[in-house]
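So the protein sequences, as listed, match chains F and X.
Just so you know, the first sequence maps onto residues 673 to 939 in my numbering.
Just so you know, the second sequence maps onto residues 1033 to 1311 in my numbering.
Ideal Cβ positions, reconstructed from N, Cα and C, are used throughout, including at glycine.
This one's a predicted model, so the numbers in the text were calculated from it and none came from an experiment.
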Amino acid sequence: MSLTNAYNPKNDVEIAINNVSVVFKDNKGNDVKALDNVDFDIHKGEFISLLGPSGCGKTTLLRTIADLLEPTSGNVRVSGMTPKEIRLMQKFGIVFQSPVLFEWRTVKKNIELPLEIMGYSKKDRSDRADEMLEMVGLTKFANHYPQQLSGGMQQRVGIARAFGIRPEILLMDEPFSALDEFTKEKLHLDLLRIWEKTNKTIVFVTHNIQEAVFLSNRICVLSPHPGRLSAVVDVDLPYPRTTDMRDTPHFGELVSKVRNSFEGGSL
Amino acid sequence: MKKVINNIRNSKALVMLVWVLGIVVIWEIFAFVVAATKRTPENILPHIWQIIASFFDPKPVANGMSCTQVVLVNAGQTLSRAGQGFLIGTLIGFILAILMKLSRIVEKIAAPYLMLIQLIPILGMAPIILAMTHDIGSSRIIIAAILTFYPVATNTLAGLNSVEKAKYELMYSYAAKKSTIYFKMLIPSCIPYFFTGLKIAAPMAITASILVDTLQGDGGLGCMLSQSLKHAMSIYVFWDIVVFSAVIGVLSCSLMGWIEKLVSPLKRIERKTKKKGAA
Chain F
673 MSLTNAYNPK NDVEIAINNV SVVFKDNKGN DVKALDNVDF DIHKGEFISL LGPSGCGKTT
733 LLRTIADLLE PTSGNVRVSG MTPKEIRLMQ KFGIVFQSPV LFEWRTVKKN IELPLEIMGY
793 SKKDRSDRAD EMLEMVGLTK FANHYPQQLS GGMQQRVGIA RAFGIRPEIL LMDEPFSALD
853 EFTKEKLHLD LLRIWEKTNK TIVFVTHNIQ EAVFLSNRIC VLSPHPGRLS AVVDVDLPYP
913 RTTDMRDTPH FGELVSKVRN SFEGGSL
Chain X
1033 MKKVINNIRN SKALVMLVWV LGIVVIWEIF AFVVAATKRT PENILPHIWQ IIASFFDPKP
1093 VANGMSCTQV VLVNAGQTLS RAGQGFLIGT LIGFILAILM KLSRIVEKIA APYLMLIQLI
1153 PILGMAPIIL AMTHDIGSSR IIIAAILTFY PVATNTLAGL NSVEKAKYEL MYSYAAKKST
1213 IYFKMLIPSC IPYFFTGLKI AAPMAITASI LVDTLQGDGG LGCMLSQSLK HAMSIYVFWD
1273 IVVFSAVIGV LSCSLMGWIE KLVSPLKRIE RKTKKKGAA
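Following this line, the structure appears as C-alpha cells:
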C-alpha cells in the first residue's frame, strides 16, 4: 500500500480559531451557550472534520469561519485576516447540507453562477464549468436542470460549483448526510480525489464518525451543552484512501478512539 | 379493468371531456325544464344548440349586423382596453412587489392600501373613475389595471419571499452585490409566482372591462350585453357574449401559461417530467 500522503503539513496556520464563544438567546430569552471557548488551528491543505452530535455547535463553528455568524467573544482569523475580508475576496467555497441549486438554471449554469458574480468572461466561465463537470463526472448532464437529477448528482453539482471558483478554503456543512450509504461512499472517494488534486483546505462538518475517520487527516471532536472542543484526533490512515480501508482493524480502532474521546464517553 | 381506470385517471383530455359533458347535461336538464314551464325560455336558459345556432344566424339583430358581428365588433374595443389595462397593471404590480421587497417601510405602508383597494367593490369604483376621467375608454383601462395589479403584486411578492435562507447565504458567501442578488436570484425565483398572478388577473381584467362598458351607451361588450337584456336587441346577443367572454377568459388564462412556457425553460421540463411520470 502506498504511503504517500496528500496532506503535507507545512504547519502554517490557515484558520485560527481563538477562544470562540457563541451565545444565542432561546425563545424564552435565556442565554444558550452554543460554543464555549473553542480554540484550535487549522493548517493549510488540511482535511479537517468538525465532528459531534447535534447541539455540539459544529455548524455554528463553521458559520463563524464563513462569516455567516459573528462570535460573541473570541475571534476567527483566516490567513491573518477576518472572515469578512476573506469572504469579500471570494475565497470561500461553501457546500450546504442541501445542494442549494437554482432550479431555473441548468447544471452548467449553476456551476457558472459564482463565476458570473466574480466577473469571469463568458468563455472562461464555460471552460471552467466544463472542467468541473468532468471532475464530478456530470459532463453528460451539463444541460439538464437540477430537478432532473438524483440527490447525489445534485450534491455533486453543489461541490463542482464550490470548487469552480478555486476557493482557498472549502467549508462543507454535512454535505452528504441526506444521501444513501452507497452514494455517500462514492462521493467520499470523489471528494478525496478532488481534494488531493487541488490541495485546498477543507473544513467538513459531520455527525458521522466513520465518515470523519475515512475523510479527514484530523478530527475535532465537539461535545454538546455547551458546545466545546473535547479532543483533536489525528487520523494516520495514508492517502489515497480506498474503500477497503474501512474494513481494516486500524480503521475500527480509530473509530473507537474517536468515540471514546467524547467527553464523558456517554455515547 | 384497473389499467383502464388508471388510464382514464391519467388522461387530462378525458377528464376535460367528462367535465364538459357534465356541464352540458346539467345545462340541458334545466333548459328542458325551463322550456316546458316558461313562456320565453330563451330569456332564462336557452338550449345550447340554440346559442350555437345564433352564432351562425345571418339575420341582422342590430344596425344591420348579425349576432356574431355585434359580438366581434364590440369585442375589439372592450378587449383592447382590457389588454392595455392588464399590461399597465402588470407593470405596476411587478414594480410595486420589487419595491415592497426592497423596503420594509414601503411594504408596511402599501399593504393596507392594497387590501383597501381590493375591498372596494368594482361596481362602486367604476362610476367614480368614469366621473373623474369622463372617458369610458380610459375608465376601462384604469379599472382593468386596478384589478390586475393586486394579484400580480401579491403573488410576485410571495415569490420574492419564498427564496430559502440557504440561497441568500450562498450569494452572501460569494460577496454578491444587492443588484446581483435581485437579478440572479430573487427575480428568477419569483417568475412562476408572477405568472400565477397573471393567470388570475387576465380574466379579471376582461370581466372588469365588460363591467365598465355597461356604465355608458357607446359600445363595448358590456353595453351590448345590457341592451340585449333590456330587449333592445335579440336576447341571443346576450347569450353569445356570455359564451364568447367565457371562452376569451379561459383563453387569456391559457395564453399566460403559454407565455410562461415560452419564457421559462423550467416549465417545459416540468411538463415533460410530469408526462413521463403519467405514462
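For Phe886 of chain F, the uninterrupted alpha helix (DSSP H) run begins and ends at Ile881 to Leu887, by DSSP.
DSSP places Asp906 of chain F inside the beta strand (DSSP E), whose first and last residues are Arg900 to Asp906.
With a threshold of 8 Å between beta carbons, Tyr1206 of chain X makes contact with chain F. For Glu686 of chain F, the uninterrupted beta strand (DSSP E) segment begins and ends at Val685 to Lys697. Look at the region 1174-1189 of chain X: it has no residue with a C-beta under 8 Å from a C-beta of chain F. Taking C-beta atoms under 8 Å as the contact rule, Phe1087 of chain X and Asp1272 of chain X qualify, at a distance of about 6 Å. In the three-state reduction of the DSSP assignment, Gly746 of chain F falls in the strand class, which pools E and B. When C-beta distances to chain F are compared with 9 Å, every residue of the region 1121-1138 of chain X stays at or above that value. The region 1116-1124 of chain X makes contact with the region 1159-1179 of chain X; the number of CB pairs closer than 8 Å reaches 3 or more.
Taken in chain order, the members of the region 760-772 of chain F whose beta-carbon sits within less than 7 Å of a beta-carbon on chain X are Leu760, Gln762, Phe764, Ile766, Phe768, Ser770 and Val772. Less than 8 Å divides the Cβ of Leu810 of chain F from the Cβ of Arg828 of chain F. Taking 8 Å as the cut-off, the Cβ atoms of Ala706 of chain F and Phe696 of chain F count as close. Nearest CB-CB separation between Ile891 of chain F and chain X: not below the 8 Å threshold. Closest in C-alpha terms to Gly1229 of chain X, from the list X:Gly1251, X:Ile1055, X:Thr1188 and X:Lys1199, comes X:Thr1188. Residue-level contact by beta carbon holds for Thr1212 of chain X and chain F, with a gap shorter than 8 Å. Boundaries around Arg890 of chain F are those of the beta strand (DSSP E), Arg890 to Ser895, since no alpha helix (DSSP H) includes it.
The DSSP-derived three-state label of Ser721 of chain F is strand. Selection X:Ile1080, X:Gln1248, X:Ser1286 and X:Ile1280 evaluated against Ala1107 of chain X yields X:Ile1280 as nearest (Cα-Cα). Rounded to whole angstroms, the gap between the alpha carbons of Lys730 of chain F and Ala688 of chain F is 15 Å. At a cut-off of 8 Å between C-beta atoms, Glu775 of chain F counts as an interface residue with respect to chain X. Between the region 848-865 of chain F and the region 900-910 of chain F there are fewer than three C-beta pairs closer than 8 Å, too few to call the two in contact. Secondary structure note for Leu1179 of chain X: its alpha helix (DSSP H) is the uninterrupted segment Ile1168 to Asn1193. Flagged as an interface residue toward chain F: Lys1199 of chain X, by a C-beta distance shorter than 8 Å. Per DSSP, the unbroken beta strand (DSSP E) holding Met844 of chain F starts and ends at Ile841 to Asp845. For Val1102 of chain X, the closest of X:Met1256, X:Gly1121 and X:Ser1296 by C-alpha to C-alpha distance is X:Met1256. Thr1239 of chain X and Val1105 of chain X have their alpha carbons spaced roughly 17 Å apart. For Pro1159 of chain X, the CB contacts under 8 Å within the same chain, skipping 5 residues up- and downstream, are Leu1247 in chain order. Counting only Cβ-Cβ distances below 7 Å, Ile689 of chain F has no contacts in chain X at all, with the closest Cβ about 18 Å away. Lys1293 of chain X has a beta carbon lying at 8 Å or more from every beta carbon in chain F. Taken atom to atom, the span from the alpha-carbon of Leu733 of chain F to that of Gly823 of chain F is near 26 Å. When rounded, the separation of the alpha-carbon atoms in Ser726 of chain F and Met1147 of chain X is 44 Å. Judged by beta-carbon spacing, Ser721 of chain F lies beyond the 8 Å limit of Ile866 of chain F, meaning their Cβ atoms are not closer than that value. At least one CB of chain X lies nearer than 8 Å to the CB of Pro786 of chain F.
Met1048 of chain X is classed as exposed because its beta carbon has fewer than 16 other beta carbons within 10 Å across all chains shown. Listed along chain F is no residue with a C-beta nearer than 7 Å to that of Leu1230 of chain X; the closest approach is about 17 Å. Close to Leu740 of chain F, with beta-carbon spacing below 9 Å, are these residues of chain X in chain order: Glu1201, Tyr1204 and Ser1205.
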